[in-house]
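Numbering (the working numbering), first residue to last: 12 to 308.
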């Protein structure tokens, strides 16, 4: 954090406004060296979520005081099924989240029938976007499984999750956790704090993504190229299964410990689940489909 200074101004909003207090972050980066700090903060805000963090004004989530009782006993929340959609729009409370200020085109998320059953169509074209389903702030029950099926029809052949220039994925399903900030390292804790202030959203402190990659072997665990607050597990790779439905069932607690266990001995509350695809770094195009995403003990 020695590369730049952050000036944080909190302007109290009017009592009758829906936005409440506004947070303005001004980064004073006067030389090229300072770009490291600026880019780190922007990266966290973009990657560690603009995947759809819990906003203070989000009506789809109960206030924390209303869900505090749920923390005492782990719980599982049902996710709205794509197969029950009555239009081309994903059913509420699924919502599309992109980068701030519309800096990149949005990935398209539509409900379309395949073999007579509605599924989610996910198309990325030089775009970025996530479809997010908020959840009550509760610890997932032991043995909770995240299940879904997906199908990739058009891959991203230029994607390379190990490089920022190739940090794109044609399909991903992510779980967003609220790990206490005090469990993070000093630099990451403060970068997250600044990113939250700059975005006005309560960006998650730990995001676990399951991805379909083009070259990495299934089972590969790696950090996001922009931020360590996002970890990725490759489930499918290459083109051998193009056009085929592939079903996955993942133990969230086991995978969280595998990815973040050195930082937290316990599994933190789960805040949201998302489906996403992006092709903004490679400038490519991808097309895939996702069936119902479920959480079950």
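Glycine included, each C-beta is placed from N, C-alpha and C at the ideal position.
{"Check": "C-alpha distance - residue 120 paired with residue 106, whole-angstrom precision", "Outcome": "10 Å"}
{"Check": "Residue 216 classed as buried or exposed, judged by whether at least 16 other C-beta atoms fall within 10 angstroms", "Outcome": "buried"}
{"Check": "Residue 269, enclosing alpha helix (DSSP H) - first and last residue", "Outcome": "263-271"}
{"Check": "Cβ pair count under 8 Å reaching 3, the segment 149-156 against the segment 123-132", "Outcome": "no"}
{"Check": "Local conformation of residue 235 per DSSP, three classes", "Outcome": "coil"}
{"Check": "Extent of the continuous beta strand (DSSP E) to which residue 276 belongs", "Outcome": "Here residue 276 belongs to no beta strand (DSSP E), and DSSP marks it neither H nor E."}
{"Check": "Neighbourhood of residue 207 by C-beta distance below 7 Å, restricted to the same chain and skipping five residues each side", "Outcome": "213, 214"}
{"Check": "Buried versus exposed, by CB contacts within 10 Å (16 or more), residue 188", "Outcome": "buried"}
{"Check": "Spatial distance of residue 269 from residue 262 (CA atoms)", "Outcome": "11 Å"}
{"Check": "Range of the contiguous beta strand (DSSP E) that encloses residue 217", "Outcome": "217-224"}
{"Check": "Backbone CA spacing between residue 239 and residue 173 [nearest angstrom]", "Outcome": "12 Å"}
{"Check": "Contacts around residue 322, its chain only, beta-carbon distance under 7 Å, and the 5 residues preceding and following it disregarded", "Outcome": "As displayed, the chain neither begins before 12 nor continues past 308, which places residue 322 out of reach and without an answer."}
{"Check": "Same chain, Cβ closer than 7 Å to residue 392, neighbours up to 5 away in sequence not counted", "Outcome": "Here the chain comprises residues numbered 12 to 308, so residue 392 is not present and cannot be evaluated."}
{"Check": "C-alpha distance - residue 141 paired with residue 133, whole-angstrom precision", "Outcome": "10 Å"}
{"Check": "Whole-angstrom distance between residue 90 and residue 306, CA atom to CA atom", "Outcome": "7 Å"}
{"Check": "Residue nearest to residue 191 in terms of C-alpha spacing, selected from 302, 287, 282, 303", "Outcome": "282"}
{"Check": "Alpha-carbon to alpha-carbon, residue 135 and residue 295", "Outcome": "8 Å"}
{"Check": "Where the beta strand (DSSP E) containing residue 180 begins and where it ends", "Outcome": "180-188"}
{"Check": "Residue 144 versus residue 151: straight-line alpha-carbon distance, rounded", "Outcome": "15 Å"}
{"Check": "Three-way DSSP call (helix, strand, coil) for residue 111 in this model", "Outcome": "helix"}
{"Check": "Buried versus exposed, by CB contacts within 10 Å (16 or more), residue 203", "Outcome": "buried"}
{"Check": "Range of the contiguous beta strand (DSSP E) that encloses residue 284", "Outcome": "281-289"}
{"Check": "Residue 218 classed as buried or exposed, judged by whether at least 16 other C-beta atoms fall within 10 angstroms", "Outcome": "buried"}
{"Check": "Proximity winner among 114, 112, 224, relative to residue 161 (alpha-carbon distances)", "Outcome": "224"}
{"Check": "Of the residues 235, 244, 302, 278, the one placed nearest residue 255, counting alpha carbons only", "Outcome": "302"}
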